[in-house]
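Student: Take the sequence shown: its letter number 184 is residue 184 in this note's numbering, and every next letter is one higher.
Below is a structure I'd like to ask you about.
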Amino acid sequence: MLQNPFICPGNWYRANLHAHTTESDGNLSPEQCVEFYRGAGYQVLAITDHDRVTSVDAPPGMLLLSGVEVGGGRSRQGTHFHVVGLNVKKRGKMSPPKGARAQELVNMLRGDGGEAFIAHPYWSGLMAEDIAPIEGCFAVEVYNTGCDLEILRGFSQVHWDDLLTLGHQFGAVAVDDGHVHPRDHGLGWTMVKVEELSAEAVMEALVTGRYYSSTGPEIVDIAVVEKKVSVRTSPVASIALVSAPGLGGRGFAAPGKTITEAEFDVPPARYWRVEVMDAGGKVAWSNAFSTA
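See the structure below:
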């Protein structure tokens, strides 16, 4: 469905793709936001203030992607879509036209040279049927730190699985969407596999799926050989292969122990993905693989 990053050349870089500053409704200045993520071991950051592309200098060894979060459209339930744009060309104010629909938001961001993903579907009250018709988005947020801590609506695996089951090729990113430092900063991230730390390389990796997402665990390797899926991870409590309804599997560590590998049969379904959980409940997600 997307590329397998574990067989692609390059190095892994930690990215936060959704962040707010005092330029919209965050409590860190742009400079403070950059300094926090640099100090926390991130190499890639997108400041995505509401309706504004915030400019700030990048420190050595860190890539800053221009970004913005815009809102509009309405779901079947009457709630609004929020869409994040990355690597847009415009700077300063970037507001969508009043009454713009979700597809128009995506078209606006891509028309400015960027790429788009759907922010916090669960928090927004979206359903898969709302997202499925939208074209041109490379991912949905599978985890959003701010939404999790605010109202326990940060996890969107069900939305993602429903979209994959329907045949839509969405990746999944984990983000902070930080507004209130330090509470909601540094708890969700996307690990991107690239050969060079540049905007062009990172954006290509995101669009083609060369990344995985996490709130803690590391996915070391995913290999497919003769209809078997082999997974290696950091020490975790469980490793699961998630697929179509009724298919997949999950391996558990013995009580008080951890596991670092598991093997599954490739399921007879449209897609499968890997999800791992450590003893503290922290999770990591691979992107979806095609069984074709």
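The C-beta atom is built at its ideal place from N, Cα and C for all residues, glycine as well.
DSSP three-state label for Ile7, please.
Tutor: Helix at Ile7.
Student: What residue range is occupied by the uninterrupted beta strand (DSSP E) comprising Ile219?
Tutor: Element bounds for Ile219: 219 to 225.
Student: Expressed to the nearest angstrom, what Euclidean distance is found between the alpha-carbon atoms of Gly78 and Ser124?
Tutor: Cα-Cα distance, rounded: 10 Å.
Student: Which one or two residues does DSSP pair with Asn16 in a beta bridge?
Tutor: Bridge partners of Asn16: Leu45.
Student: What's the C-alpha gap between Val276 and Thr145?
Tutor: Near 18 Å, if we compare the C-alpha coordinates of Thr145 and Val276.
Student: When DSSP builds the beta bridges, which residues end up paired with Ile259?
Tutor: Partner(s): Val236.
Student: According to DSSP, what are the bridge partners of Val276?
Tutor: Paired residue(s): Ile239, Ala284.
Student: How big is the Cα-Cα spacing for Trp160 and Glu135?
Tutor: Answer to the nearest angstrom: the Cα atoms are 15 Å apart.
Student: Using CA coordinates, which residue listed in Glu218, Cys137, Glu129 is at the minimum distance from Ile118?
Tutor: Nearest option by C-alpha distance: Cys137.
Student: Go through its chain and collect everything with a Cβ distance to Thr165's Cβ below 8 Å, but skip five positions before and after it.
Tutor: So the qualifying residues of the chain are Ala244, Pro245, Arg270, Tyr271.
Student: In the structure shown, what three-state DSSP assignment does Met191 receive?
Tutor: Note: Met191 maps to strand in three-state DSSP.
Student: Need the endpoints of the beta strand (DSSP E) that Leu63 sits in, please.
Tutor: 63 to 72 is the span of the beta strand (DSSP E), which, as asked, contains Leu63.
Student: Which residue comes first and which comes last in the alpha helix (DSSP H) that contains His159?
Tutor: Where His159 is concerned, the enclosing alpha helix (DSSP H) stretches over 157 to 165.
Student: Do Met191 and Glu226 come within 9 Å of each other at the CB atom, strictly closer than that value?
Tutor: Cβ distance not < 9 Å, so Glu226 and Met191 don't count as in contact.
Student: Using a Cβ-Cβ cut-off of 6 Å (strictly less than) and excluding sequence neighbours within five positions of Gly10, which residues of its own chain qualify?
Tutor: Excluding residues within five positions, the ones whose Cβ falls inside 6 Å are Lys193, Val194, Glu195.
Student: DSSP on Leu28, reduced to helix/strand/coil?
Tutor: Leu28: coil per DSSP, three-state reduction.
Student: Where do the ends of the alpha helix (DSSP H) carrying Arg110 lie?
Tutor: First-last of the alpha helix (DSSP H) with Arg110: 102 to 111.
Student: So, helix, strand or coil for Gly39, using DSSP?
Tutor: DSSP places Gly39 in helix when its eight states are reduced to three.
Student: Please report the distance separating the alpha-carbon of Arg110 from that of Val88.
Tutor: Those two C-alpha atoms are separated by around 8 Å.
Student: Are the beta-carbon atoms belonging to Arg14 and Trp189 less than 9 Å from one another?
Tutor: Yes, these two residues count as a Cβ contact at 9 Å.
Student: Start and end of the alpha helix (DSSP H) containing Gly294?
Tutor: Coverage of the chain is limited to positions 1 through 292, which leaves residue 294 absent and any answer about it impossible.
Student: Taking the alpha-carbon of Pro297 as reference, which of Gly281, Thr48, Ala40, Asp112 has the nearest alpha-carbon?
Tutor: The question about residue 297 has no answer here: the residues shown for the chain are numbered 1 through 292.
Student: Using only alpha-carbon positions, find the residue among Ala19, Met62, Phe36 that is nearest to Asp46.
Tutor: Checking the sequence, you will find Ala at residue 46 rather than Asp. The shortest C-alpha separation from Ala46 is found at Ala19.
Student: Starting from the Cα of Gln32, find the closest Cα among Val224, Gly178, Asp51, His80 and give me that residue.
Tutor: For Gln32, the nearest C-alpha among the options comes from Gly178.
Student: Count the other CB atoms within 10 Å of the CB of Gly61; is the residue buried (16 or more) or exposed (fewer)?
Tutor: With fewer than 16 Cβ atoms within 10 Å of its Cβ, Gly61 is classed as exposed.
Student: Going by CA-CA distance only, name the one from Ser286, Phe170, Thr208, Phe289 that's closest to Val140.
Tutor: Among Ser286, Phe170, Thr208, Phe289, the Cα nearest to that of Val140 is on Phe170.
Student: Specify, as a first and last residue, the run of the beta strand (DSSP E) that Leu86 falls within.
Tutor: Run containing Leu86: 81 to 86, per the beta strand (DSSP E) assignment.
Student: In this structure, how does DSSP classify Asp265 when only helix, strand and coil are distinguished?
Tutor: Residue state, collapsed to three classes: strand.
Student: State the beta-bridge partners of Lys90 as determined by DSSP.
Tutor: Bridge partners of Lys90: none, in fact.
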